[in-house]
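Engineer: The structure's right below; bear with me while I get my questions together.
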Amino acid sequence: MRVIGIETSCDETGIAVYDDEKGLLSHTLYSQVKLHADYGGVVPELASRDHVRKIVPLIKQALADANCTQDDIDGIAYTKGPGLVGALLVGACVGRALAFAWGKPAVGVHHMEGHLLAPMLEVNVPEFPFLALLVSGGHSMMVAVEGIGRYQVLGESVDDAAGEAFDKTAKLMGLDYPGGPRLAKLAAQGLPNCYRFPRPMTDRPGLDFSFSGLKTFAANTIAAEPDDEQTRANIARAFEEAVVDTLAIKCKRALKQTGYNRLVIAGGVSANSRLRASLAQMMQDLGGQVYYPRGEFCTDNGAMIAYAGMQRLKAGQIEDLAVKGMPRWPLDSLPPV
Ligand SMILES: Nc1ncnc2c1ncn2[C@@H]1O[C@H](COP(=O)(O)OP(=O)(O)OP(=O)(O)O)[C@@H](O)[C@H]1O
Ligand SMILES: [Mg+2]
Numbered sequence: 002m003r004v005i006g007i008e009t010s011c012d013e014t015g016i017a018v019y020d021d022e023k024g025l026l027s028h029t030l031y032s033q034v035k036l037h038a039d040y041g042g043v044v045p046e047l048a049s050r051d052h053v054r055k056i057v058p059l060i061k062q063a064l065a066d067a068n069c070t071q072d073d074i075d076g077i078a079y080t081k082g083p084g085l086v087g088a089l090l091v092g093a094c095v096g097r098a099l100a101f102a103w104g105k106p107a108v109g110v111h112h113m114e115g116h117l118l119a120p121m122l123e124v125n126v127p128e129f130p131f132l133a134l135l136v137s138g139g140h141s142m143m144v145a146v147e148g149i150g151r152y153q154v155l156g157e158s159v160d161d162a163a164g165e166a167f168d169k170t171a172k173l174m175g176l177d178y179p180g181g182p183r184l185a186k187l188a189a190q191g192l193p194n195c196y197r198f199p200r201p202m203t204d205r206p207g208l209d210f211s212f213s214g215l216k217t218f219a220a221n222t223i224a225a226e227p228d229d230e231q232t233r234a235n236i237a238r239a240f241e242e243a244v245v246d247t248l249a250i251k252c253k254r255a256l257k258q259t260g261y262n263r264l265v266i267a268g269g270v271s272a273n274s275r276l277r278a279s280l281a282q283m284m285q286d287l288g289g290q291v292y293y294p295r296g297e298f299c300t301d302n303g304a305m306i307a308y309a310g311m312q313r314l315k316a317g318q319i320e321d322l323a324v325k326g327m328p329r330w331p332l333d334s335l336p337p338v
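Have a look at this one:
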């Protein structure tokens with residue numbers, strides 16, 4: 002089976018062709034970062050319009066790169082939610098239209114299921130069950146994964162997502178959008194033990210997260226300290242260590258609670274090297290294993306949507322012709338495969 006995946010939930014247009022025997026045949030990505038940079042964040046209407054401009058040329062390119070035509074495609078997978086409704090509708094309309102025109106089945110994919118299954122695109126794939134830490138621009142979730150579509154959300158953020166906290170703190174430091182990777186780069190120049198940020202919600206039981214307090218702590222620290230590059234790097238490092246420590250403490254707690262010894266980290270923040278190193282060390286100490294997607298598949302992409310969609314199409318989960326976008330869509334409401 003060969004599936005074309007279409008991702009348009011936010012500010013990246015991602016298209017990919019995945020074959021269940023040969024693996025990933027092609028993937029193309031257009032990032033709108035430059036378009037939104039002047040505004041310091043994603044402008045939904047501009048995002049939708051840019052998806053409209055880019056989606057068809059990218060589909061043609063992905064098919065050409067995969068050396069195939071529409072006749073070689075057996076199914077279409079598009080991101081149905083969660084995300085920006087206008088952006089989602091572009092992908093959903095095009096996905097549905099192609100399915101109708103080509104006479105092929107189509108399925109709407111949950112964006113966070115895409116992130117969660119992204120490590121399956123790699124050589125070393127985790128077996129079920131595993132614990133998944135999903136940390137992206139819009140979500141922070143701890144999920145017990147028993148199989149595809151068998152998800153139990155054990156905890157999530159009560160306010161800002163981890164990536165959002167990175168982006169907002171980066172903005173306070175005068176770093177351009179998207180700030181997460183820039184803050185991480187600055188933190189690499191920072192000295193240890195200059196500041197001690199709190200580890201939110203680790204002093205009480207439970208697996209929920211809260212990151213908005215860290216942003217306020219960063220704002221107060223920045224205001225109280227001199228405005229030079231080294232100080233900013235030291236603050237960035239202390240902030241990053243606080244996020245990483247908090248996530249690691251919660252992962253350890255969730256592993257104990259579930260009894261699992263496999264940990265998947267996915268979503269944009271899983272590209273963070275300090276987080277990867279910390280969780281790798283933790284899993285080594287616990288005698289378990291950590292899995293994550295390659296860097297380019299941590300953030301939004303079409304490959305993860307093609308992969309997740311293929312699992313559902315193979316199970317006969319085909320949707321009718323209605324075009325639906327689901328800006329809000331609980332992960333644990335998905336049917337099992
Ligand atoms: N190296 C890094 N360190 C920290 N944060 C990072 C790094 N690389 C990317 N990010 C963050 O990851 C986020 C983008 O990830 P992703 O594309 O998965 O999120 P999204 O699609 O916007 O949100 P969602 O998937 O929840 O809808 C941004 O907040 C970005 O700052
Ligand atoms: Mg995403």
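Its first residue numbered 2, the sequence shown is counted upward by one per residue in the numbering used here. Here a beta-carbon is modelled for each residue, glycine too, at the ideal position from N, C-alpha and C. As the structure is a prediction and not an experimental result, all values here were calculated from the model.
Could you check if T301 belongs to the surroundings of ligand 2, using beta carbon to heavy atom distance under 7 Å?
Structural biologist: The amino acid occupying residue 301 in the given sequence is Asp; Thr does not appear at that position. At least one heavy atom of ligand 2 is nearer than 7 Å to the Cβ of D301, so yes.
Engineer: Report whether the distance from the Cβ of F298 to the nearest heavy atom of ligand 1 is below 7 Å.
Structural biologist: no
Engineer: In the DSSP assignment, the alpha helix (DSSP H) including K325 goes from what residue to what residue?
Structural biologist: Note, K325: premise wrong, no alpha helix (DSSP H); not H, not E.
Engineer: When every heavy atom of ligand 1 is checked, does at least one fall within less than 7 Å of the C-beta of G92?
Structural biologist: no
Engineer: Helix, strand or coil for R277? Go by DSSP, reduced to three states.
Structural biologist: helix
Engineer: Identify every residue that forms a DSSP beta bridge with G15.
Structural biologist: E8, L30
Engineer: In angstroms with no decimal places, state the Cα-to-Cα distance between M311 and A234.
Structural biologist: Cα atoms of M311 and A234: separation of roughly 43 Å, rounded to the nearest angstrom.
Engineer: Quick check on DSSP: helix, strand or coil for Y152?
Structural biologist: strand
Engineer: Using a 10 Å radius around the Cβ and a threshold of 16 neighbouring Cβ atoms, would you call Q190 buried or exposed?
Structural biologist: exposed
Engineer: Is the segment 179-199 touching the segment 117-136 in the sense that three or more CB pairs, one from each, lie closer than 8 Å?
Structural biologist: no
Engineer: According to DSSP, I77 sits in a beta bridge with which residue or residues?
Structural biologist: I5, A107
Engineer: Contact between the segment 214-229 and the segment 103-119: three or more CB pairs below 8 Å?
Structural biologist: no
Engineer: Mind reading off the beta-carbon distance from K216 to A163? Whole number of angstroms is fine, and I expect it under 8 Å.
Structural biologist: The Cβ separation is near 11 Å, so there is no contact.
Engineer: Return the CA-CA distance between G24 and A17, expressed in angstroms with no decimal places.
Structural biologist: 11 Å
Engineer: Since S10 and T80 should fall inside the 8 Å C-beta cutoff, what is the C-beta to C-beta distance between them, to a whole number of angstroms?
Structural biologist: 5 Å
Engineer: What do you get for Y40, buried or exposed, if any count of 16 or more other CB atoms within 10 angstroms of its CB means buried?
Structural biologist: exposed
Engineer: Along the chain, where does the alpha helix (DSSP H) that runs through A307 open and close?
Structural biologist: 303-315
Engineer: Express the C-alpha separation of P337 and G317 in angstroms, rounding to a whole number.
Structural biologist: Take the alpha-carbon of G317 and the one of P337: they are about 12 Å apart.
Engineer: Along the chain, where does the alpha helix (DSSP H) containing I266 start, and where does it finish?
Structural biologist: Run containing I266: none in the alpha helix (DSSP H); it sits in the beta strand (DSSP E), 263-267.
Engineer: Enumerate in chain order the residues of its own chain whose CB-to-CB distance from S211 is below 6 Å, with the five nearest sequence positions on each side excluded.
Structural biologist: V159, D160, P201, M202
Engineer: Looking at G76: is its Cβ nearer than 8 Å to the Cβ of V4?
Structural biologist: In this structure, G76 sits near V4, with a CB-CB distance shorter than 8 Å.
Engineer: Starting from the N-terminal side, write out each stretch of the alpha helix (DSSP H) that is 4 residues or longer and does not extend beyond the segment 84-136.
Structural biologist: 86-103, 112-118
Engineer: Near R238, which residues of its chain fall below 6 Å by C-beta distance, leaving aside the five closest residues on each side in sequence?
Structural biologist: Hits under 6 Å: A188, G191.
Engineer: Considering only their Cβ atoms, is the gap separating L256 from L248 smaller than 8 Å?
Structural biologist: no
Engineer: Rank P193, M113, L184 by C-alpha distance to the C-alpha of A267 and give the top, closest one.
Structural biologist: M113
Engineer: If distances are taken between C-alpha atoms only, which option among N125, A278, A243, R254 comes closest to R197?
Structural biologist: That would be A243, whose Cα lies nearest to the Cα of R197.
Engineer: Identify the residues that DSSP records as bridge partners of Y292: which are they?
Structural biologist: V265
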